[in-house]
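Remarks on the structure that follows.
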Amino acid sequence: MVAEASILANPKGRAWFAAGAVAYAAALAIVLLWPVHVDGEGGLFRFDPILNLLARFGIPIWASYPIVEFVGNAALFLPLGVLWALATDRWPAVLRILSAGVLATLISAGAETVQGRLLSDRTMDPRDILANAVGAAVGAFATVLAVRAARRRGESDRATSPDQRVGPTAGS
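Take full-length UniProt numbering: the final residue in the sequence shown is number 172, and no numbers are missing along the way.
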C-alpha cells in the first residue's frame, strides 16, 4: 500500500510537506540570490572555522576550500532531493533520484545565470551546478532508502501483530 505510507496520503502530511517546501524554497532563494558571495564579506556563512579546523589536521586552506565549498553547495540542495523524492513517491526509485539531480541542475543553472548576469558581486560557477545536483540526488537517495525501510518495518509490524497471524495461535 504505497499511498498509506506516503506523507502526502493525508491532509496533515500534505500541510507539513507544503510548509516545508515553502520554507525551503524561501531559504534557497535567499541564498541563491544573495547580492554578494554567501561565504565572503557580507555573506550569510563563514567557512573560516571549518577551514581552520582542517588546517589543524595539515590540510592547507587553498586545498580544503574547494572541498568545503562543494560540500556546502551539495548540502544546500539535500532538502530539494528529500522533498522531490517524497513528492514523486509512486515513481520508480531510480527515476526519483535521477530526476532530483536534473531538477537541481535546472534550478542551479538558472540561479548561476542570474548570479553571473544580474548580481555584479556574484560569479557564475559550473562546479556549483554539479555540487547542487549531487546534493539533490543524495537527498533523494537517502529518502528512498528511509521510506523503503519504514515501509518494511511497517509490513513486519503488521505481519507479527496478533490479529494478523494465521494458524492455530492466531488471536490467542
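Each residue gets a CB set at the ideal place from its N, CA and C atoms; glycine is no exception. Treat the numbers as computed from the prediction; the structure is a model and nothing was measured.
Bounds of any alpha helix (DSSP H) do not take in residue 45, whose DSSP letter is neither H nor E.
Following the DSSP letters along the chain, one finds residue 108 inside the alpha helix (DSSP H) bounded by residues 93-118.
When DSSP states are grouped into helix, strand and coil, residue 147 belongs to the helix group. Residue pairing by DSSP places residue 22 opposite no residue, since no beta bridge is assigned to it. A direct Cα-to-Cα measurement between residue 40 and residue 129 gives close to 19 Å.
With contacts defined as CB atoms closer than 9 Å, residue 24 and residue 119 fail to qualify as a contacting pair.
Shortest Cα-Cα distance from residue 105 to any of 86, 52, 92 and 125 involves 125. Residues of the same chain with a CB within less than 6 Å of the CB of residue 134, apart from the 5 flanking positions on each side, are 74 in chain order.
Non-local beta-carbon contacts of residue 97 in its own chain, meaning distances under 7 Å to residues more than five positions away in sequence, involve 137, 140, 141 and 144 in chain order.
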